[in-house]
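Residue numbers (my numbering): 71 to 332. The beta carbon of each residue, even a glycine, is placed where N, CA and C say it ideally should be. Fair warning: this is a prediction, and the values are worked out from it, not measured in the lab.
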Amino acid sequence: MTKVKRDMTKSVPAYQRIKNAILDNIHSGKWQAGEAISTEMTLAEEFGVSRMTVNRALKELSEERVLERRQGSGTFVAQQQFNHTFVEVRNIAQDLRSAKRDYQAQVVSKRTITVSMLDDEMRRKFDIEEVAVSSHSKSAASKKINNPETAVLYEVKIIHFADGLPIQFEERWVDANKIPEFIEQDFSEVNTSEYLIAKSPLERGSYTIRALAAPNEIAEALQIAPQSPTLVLCRQTFSAGQVLTFVKMWHAGERYQFSGEL
């Protein structure tokens, strides 16, 4: 390790280094959702710090709903449920089957997106910046990509059917570096949300619901007339401090509604 790198490491508080290491283990799949992580004593010895410092790291990750602490049992990787939002991260396949409806999924397309193929919306959503090798990033948080042919995102488009009728058209983009095997899955059999949740526990997210007229591609997929009213749920979710996935879910307005209990 170079002197500069050592100095940078020292500048990060010990509790934050522990948090980062735990998040790295979760993101890499070393610790899966529901699995116990190392004990406080083990972590204290590994990082050469007091148990109080470790306790702070675990406490903060528990408050962020990344970990779940069970008295007398230990600390476990939590599965985020977005319990305090209007819309939870739902599995449409499970919801429809629970309602005793026949469910099917049809994959319309799958592709890998390189930096040169990115549009402005995806650059903003995933904070990706293409730069020359000698230039400096405008933001330290941005992902600086020097090679325009570097694969950065996976894109899938899927039609979800209930009793043979298209009920949702899903357009999803996923960070290719975080979940490299995502594009290899058969999403006519595997649900995208369920797969991502199992692979990388979610930390937080944001969403919008809008009423939009259906563009031609969406209208064709949902078997409705072009410019018919649709409800569009857009959701961005984060894992390990960065955007993991962005999804647009289009619903035919006359077939779908959002509801819940307060």
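Within the same chain, Cβ atoms closer than 6 Å to the Cβ of C304 are found at T278 and K318, the five residues on either side in sequence being excluded. Non-local C-beta neighbours of Y326 in its own chain, meaning closer than 7 Å and more than five positions away in sequence, comprise I237 and L301, ordered along the chain. Distance from the Cα of A106 is smallest, within the candidate group T184, R126, N261 and I92, for I92.
If only complete runs of 3 or more residues are kept, the segment 267-301 shows the beta strand (DSSP E) at 274-283, in order along the chain. A distance below 7 Å separates the beta carbons of H230 and I162. Nearest to E225 by alpha-carbon distance, out of L235, G118, R140 and D189, is D189.
Nearest to V119 by alpha-carbon distance, out of Q312, R87, L266 and D233, is R87. The DSSP-derived three-state label of K89 is helix. The C-alpha of T109 is placed about 12 Å away from the C-alpha of G142. For N90 and M187, the gap between their C-alpha atoms comes out near 31 Å. Note on geometry: alpha-carbon atoms of Q174 and T112 lie some 47 Å from one another. In this chain, the alpha helix (DSSP H) harbouring V124 covers R121 to E133.
A residue is called buried when at least 16 other Cβ atoms come within 10 angstroms of its Cβ; P218 does not meet this threshold and is exposed. Under the 10 Å beta carbon count, E241 is surrounded by 16 or more other beta carbons and is classified as buried.
Residue state for K195 is assigned as helix, using DSSP reduced to three classes. Using a Cβ distance threshold of 7 Å, S270 and H97 count as a contacting pair.
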